[in-house]
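For the sequence shown, the positions run -10 to 240 when my numbering is used.
For each residue, glycine too, the CB sits at the ideal point set by N, CA and C.
Written out below as structure tokens is the structure these notes cover.
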Amino acid sequence: PPPGASQAKNEIPASTAEQPLIIPRKPSEIPAMPNEMPPTETEIAKASPSISTLPEPPPTATIDPNALPLPAAGEAQYKLRMGVVSGELILSWNFADGHYRLDSVAQGTGIFAIAGKYVQASEGDITTSGLRPAAFSVERRGRKDSAKFNWPESSVQFNGKSGERTEAVSAGAQDMLSLLFQLAFTPPLGEDLTVIVTNGRKLERYAFERAGEETLDLEGGTFRTLKILKQRKGDDDGMEVWLALEHHYLP
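Okay, here's the thing in structure tokens:
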């Protein structure tokens, strides 16, 4: 692991929205975070949200590295479970010189290893508003989807199996990897949270509701957390996130 890295051992409570159960393998003082599982072959991409007002993107003003709200580098290993499917995931992050890099590699174990790897990567800038992604990509089963942000023009360019297209995007948008790290920079302390998120193929509006504090007794210890919810609507998946209040607001 890179310098300053930490490894986690938590049991994330099972989600009522059928999100994968993620259990980090090794203890750490910082809880690690869950990640998106590969989509099914039958998943149908929905239309991007309509954005009528496009605020000016925030200025690129880097944060003092000594003032980062979480360790500058780290790696976490997880065990994944979704029904009968099992696997492992390695998540790593690095913040340096005003930039960030996030990598996630998931792979099935045992007979499920035949499905191959599910790889995500995000990189961009650290600004006074937190993380501002520049590029995001997802690779699985021989397919690659990517999103590249053009903040001066408030747009994002998608490339993938369905071709290339450009859409408008508002300031503050995140990708699937940067989203949960962004919560460490800007915790939802006093109000609900709405953010535009890309999975590399589309944009979607995520509306999180505060569900109050919960204390979780996990293998890695007892954690006081703030629970936030993204309600399931129609074909949209729901999401439940527990943010560790005494550990940098990391899930």
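| Check | Outcome |
| --- | --- |
| Contact check, Phe138 vs Ala123, beta carbons under 8 Å | yes |
| Backbone secondary structure at Pro60 - three-state DSSP | coil |
| CB-CB length for Gln171 against Gly210, believed under 8 Å | Actually they do not touch by this definition, with Cβ atoms about 24 Å apart. |
| Cβ shell of Asn274 (< 6 Å), same chain only, five flanking positions each side left out | Because the chain spans -10 through 240 in this model, residue 274 falls outside it and cannot be assessed. |
| At least 3 beta-carbon pairs within less than 8 Å: the segment 96 to 112 vs the segment 173 to 181 | no |
| Own chain partners of Arg190 with C-beta closer than 7 Å, once the 5 adjacent residues on each side are dropped | Ala34, Asp134, Phe147, Gly149 |
| CA-to-CA distance, Asp164 to Gly131, given in whole angstroms | 21 Å |
| CB-CB length for Ile185 against Glu198, believed under 8 Å | Ile185 to Glu198, Cβ: 17 Å. No contact. |
| Ser75 versus Arg213, Ala56, Ala102, residue with shortest Cα-Cα distance | Ala102 |
| Residues bridged to Leu120 [DSSP beta-bridge criterion] | Ile115 |
| Under the three-state DSSP convention, the category Leu172 falls into | helix |
| In DSSP terms, what Ile261 is bridged to | The structure shown does not extend to residue 261, since the chain spans only -10 to 240, so no value can be given for it. |
| Reduced DSSP category for Ser167 - H, G, I as helix; E, B as strand; rest coil | helix |
| Contact set for Ser144: own chain, Cβ-Cβ below 7 Å, skip 5 residues either direction | Thr155, Glu156, Ala157, Val158 |
| Option in Thr187, Arg221, Phe174, Trp231 with minimal Cα separation from Gly201 | Trp231 |
| Beta carbon of Tyr195 nearer than 8 Å to that of Lys222 | no |
| Counted within 10 angstroms of its Cβ, other Cβ atoms place Ala56 as buried (16 or more) or exposed | exposed |
| Beta-bridge partners of Asp235, as assigned by DSSP | The sequence given here has Glu at residue 235, not Asp. DSSP output for Glu235 lists no bridge partner at all. |
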